[in-house]
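For reference, the structure discussed in these notes is given below.
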Amino acid sequence: MSGTGTTGGGDVVEAAAAGCDCQEAVDRLWEYLDDELGTEETARIRAHLDGCTPCISERDLDLTIKVVVRRGCREQAPAELRLRVIEQITALRVAAGTTTA
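Going by UniProt numbering, the residue at position 93 of the sequence shown is 93; the numbering climbs one at a time, nothing skipped.
Shown next, in the form of structure tokens:
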């Protein structure tokens, strides 16, 4: 999971308090799981996940996908392919109306 983001003290607390909605949490979930977000963004996503059962379920599903993919292929996909896959997943979620809880 992502780092705790303890640098900046009050800034992180304020960012987490500002929160985010389900749309942002799901849209940024892969970045969150890959620890690619800044301290404030990580705190906001974590604060949302702590209180949102549908988004926690989405996180768990994405974690499972990551484990299966990691097990299935030991090579790392090129960045361009990874971006295309994420874009397609997002497009499918939007089309299915599952991006918000």
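Ideal Cβ positions, reconstructed from N, Cα and C, are used throughout, including at glycine.
This structure is a prediction, so every number in the text was calculated from the model and none was measured.
Within 10 angstroms of the Cβ of residue i, are there 16 or more other Cβ atoms? Answer buried if so, exposed if not.
{"i": "Leu29", "result": "buried"}
{"i": "Glu58", "result": "buried"}
{"i": "Val26", "result": "buried"}
{"i": "Leu37", "result": "buried"}
{"i": "Arg74", "result": "exposed"}
{"i": "Ala77", "result": "exposed"}
{"i": "Arg71", "result": "exposed"}
{"i": "Ala47", "result": "buried"}
{"i": "Thr42", "result": "buried"}
Taking the continuous alpha helix (DSSP H) assigned at residue i, which residues delimit it?
{"i": "Pro54", "result": "53–72"}
{"i": "Ala77", "result": "That residue, Ala77, is in no alpha helix (DSSP H); it is neither H nor E in DSSP."}
{"i": "Leu29", "result": "29–33"}
Which same chain residues, not among the five before or five after residue i, have their C-beta less than 7 Å away from its C-beta?
{"i": "Val85", "result": "none"}
{"i": "Glu31", "result": "Leu37"}
Using C-beta distances below 8 Å, list every residue in its chain close to residue i, excluding the 5 sequence neighbours before and after it, in chain order.
{"i": "Ile89", "result": "none"}
I'd like the list of long-range same chain contacts for residue i, defined as Cβ closer than 6 Å, with 5 residues on each side in sequence excluded.
{"i": "Asp50", "result": "none"}
{"i": "Arg82", "result": "none"}
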